[in-house]
Amino acid sequence: MKILVIGGTGHIGKFMVPKLIDLDADVIVAGSGRTPIPQKPKWSKVKYLVCNIKNINGLEKLLWESPDVVIDMTGGIWNIYKTLKSISKHFIACGSLWMYGEPKVVPTPEQTQNECVFNHYKKRYSEISNLIDISEKDGIAFTAIMPPNICGPGKIPIDGLGGRSIEMHRNHKKGLEVILPKAADVLIGPCDAEDIADCFVRAVMNSDKCAGQIFNVGAAYAITATELISVYANIYNVEIPIRRITWDEYTTNVSPDIGYWWHFKAHMCPDISKAKKLLDYRPQYTPEQTLARAVEWMSENYEL
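Count along the sequence shown starting at 1, add 312, and that's the number in this note's numbering.
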């Protein structure tokens, strides 16, 4: 089996590609060239192609590789499908739980909840929905996988402001106060990139069960925003006080970026029962464990 992973050197891809190599697959990774291939033994078996994945003409060189399966981690699945549909048998796109809009139901199933407030996610969700219908008519398997907050080694984890700031983590380590909005204690779902990668690999291995399907991926449970801060206090072995202020104060004076404060507005707790049933997906790491793994990686790569 020949598998093309577009954006395969990213956070999830660095876990996924070695797992695909373990399947004895021929793996091709395509990307912009900004992130180099890891210097590890399994990656020596990977063919790396530099191409402009944002330009449909730049994608045409991928036709020569004739991949059986195409995995897109970049959000460019529409042009990728159009370019490779005459050759490839299974397309797998990476989406986001946020594409469903603010949840009405928790755990949240693979269904639209409200209008998505992020334009780029809204556009990509529309493309995924359309490709499910188009691919069925074309007789091609198409799958989308929706992660929640991606965590684990390889990336700075979510902080108490909803971002990924090394400076905020330094503050957490010092035990400095965290300000949160006055509201119901929202659920946050950190999921380890290794678990997310495992779900993609399982989709590759079960294309017959995946055609036309959207799968949520996540940890076994989510934690509250208050518990998130408590977990960091435990990891850093400090007490981190929390002060609550009104939403207006919070979004005006503390965290005006919706990409940050949405973490404390909308529950992020995916229903993973479909992936468990059809793909036998079983997350290996709890939210607490993946946060600890991320902090350990961060401590080794940054000055905390």
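Each residue gets a CB set at the ideal place from its N, CA and C atoms; glycine is no exception. In this text, all values refer to a predicted model and were calculated from it rather than measured experimentally.
Can you give the Cα-Cα distance for Ser408 and Pro348, rounded to whole angstroms? Stepping through the sequence shown from its first residue, residue 408 is reached at position 96. Stepping through the sequence shown from its first residue, residue 348 is reached at position 36. When rounded, the distance between both Cα atoms is 25 angstroms.
Any alpha helix (DSSP H) of 4 or more consecutive residues that is wholly inside the segment 348–419: 389–396
According to DSSP, residues forming a beta bridge with Asp504: Against the sequence shown, residue 504 aligns to sequence position 192. For Asp504, which the question treats as bridged, DSSP gives the partners Cys463.
Mapping DSSP to helix, strand and coil, what is Ala606? Numbered from its first residue, the sequence shown carries residue 606 at position 294. The answer is helix: DSSP assigns Ala606 an H, G or I state.
Could you give the DSSP three-state label for Asp445: helix, strand or coil? Locating residue 445 in the sequence shown gives position 133, counting from the first residue. Note: Asp445 maps to helix in three-state DSSP.
For Arg556, does the three-state DSSP call read helix, strand or coil? Counting from 1 along the sequence shown, the entry for residue 556 is found at position 244. It is a strand residue.
Gly524 versus Glu615 - alpha carbon distance: Locating residue 524 in the sequence shown gives position 212, counting from the first residue. Locating residue 615 in the sequence shown gives position 303, counting from the first residue. For Gly524 and Glu615, the distance between alpha carbons rounds to 45 angstroms.
Output yes or no for whether 8 angstroms exceeds the beta carbon distance between Tyr433 and Met458. Here the question's residue 433 lines up with position 121 in the sequence shown. Here the question's residue 458 lines up with position 146 in the sequence shown. No, the Cβ-Cβ distance between Tyr433 and Met458 is not below 8 angstroms.
Length of the line joining the Cα atoms of Pro568 and Ile557: Sequence index remark: in the sequence shown, residue 568 carries index 256 (1-based). Sequence index remark: in the sequence shown, residue 557 carries index 245 (1-based). About 14 angstroms.
Buried or exposed (CB count within 10 angstroms, at least 16 for buried), Ala509: For the purposes of this step, residue 509 is taken as residue 197 along the sequence shown, with counting starting at 1. Ala509 comes out buried.
With three or more beta-carbon pairs closer than 8 angstroms as the criterion, would you say the segment 495–505 touches the segment 565–585? yes
Going by C-alpha to C-alpha distance, which of Ala405, Glu608, Lys326 and Cys511 sits closest to Trp390? As a working mapping, residue 390 is identified with position 78 in the sequence shown. When only C-alpha atoms are compared, the closest one is Ala405.
Where Trp573 and Gly472 are concerned, what is the direct C-alpha to C-alpha distance, given to the nearest angstrom? If you number the sequence shown from 1, residue 573 lands on position 261. If you number the sequence shown from 1, residue 472 lands on position 160. The alpha-carbon atoms of Trp573 and Gly472 are separated by roughly 10 angstroms.
When you compare only the Cα positions, how much space is there between Val417 and Gln425? Here the question's residue 417 lines up with position 105 in the sequence shown. Here the question's residue 425 lines up with position 113 in the sequence shown. Straight-line Cα distance between these residues: approximately 8 angstroms.
Give a yes or no on contact between the segment 334–351 and the segment 484–497, applying the rule of three or more CB pairs nearer than 8 angstroms. no
CB contact flag (Val529, Ile535, <8 angstroms): Within the sequence shown, residue 529 is the residue found at index 217, counting from 1. Within the sequence shown, residue 535 is the residue found at index 223, counting from 1. Not closer than 8 angstroms, so no.
Do you know how far the Cα of Val566 is from the Cα of Ala537? Taking the sequence shown and counting its residues from 1, one reaches residue 537 at position 225. Taking the sequence shown and counting its residues from 1, one reaches residue 566 at position 254. Answer to the nearest angstrom: the Cα atoms are 16 angstroms apart.
So if DSSP puts Ile340 in a beta bridge, which residue, or which two residues, is it bridged to? Walking along the sequence shown from the start, residue 340 turns up at place 28. Paired residues: Leu316 and Lys359.
I'd like to know if the segment 330–339 and the segment 393–405 are in contact, where contact means that at least 3 CB-CB pairs between them fall below 8 angstroms. no
Can you name the start and end residues of the beta strand (DSSP E) that Met458 belongs to? Position 146 of the sequence shown, counted from the first residue, corresponds to residue 458. Element bounds for Met458: Ala453 to Met458.
Limits of the beta strand (DSSP E) - the one that Val490 falls within: Within the sequence shown, residue 490 is the residue found at index 178, counting from 1. Per DSSP, Val490 belongs to the beta strand (DSSP E) from Val490 to Pro493.
Three-state secondary structure (DSSP) of Thr536: For the purposes of this step, residue 536 is taken as the residue at position 224 of the sequence shown. Reduced to three states, the DSSP call for Thr536 is strand.
Helix or strand or just coil, what does DSSP make of Pro582? Walking along the sequence shown from the start, residue 582 turns up at place 270. Note: Pro582 maps to strand in three-state DSSP.
In chain order, what residues of the same chain have a beta carbon less than 6 angstroms from the beta carbon of Glu422, not counting five sequence neighbours either side? Counting from 1 along the sequence shown, the entry for residue 422 is found at position 110. Around Glu422: Ile526 and Asn528.
In chain order, what residues of the same chain have a beta carbon less than 8 angstroms from the beta carbon of Thr395, not counting five sequence neighbours either side? For the purposes of this step, residue 395 is taken as the residue at position 83 of the sequence shown. So the list reads Ile368, Leu371, Glu372, Leu374 and Leu375, once near-sequence residues are dropped.
Under 8 angstroms, do Ser475 and Ala606 count as touching if we go by C-beta distance? Indexing the sequence shown from 1 puts residue 475 at position 163. Indexing the sequence shown from 1 puts residue 606 at position 294. The question names Ser, but residue 475 is Gly in the sequence shown. Against a cut-off of 8 angstroms, the Cβ pair of Ala606 and Gly475 comes out as no contact.
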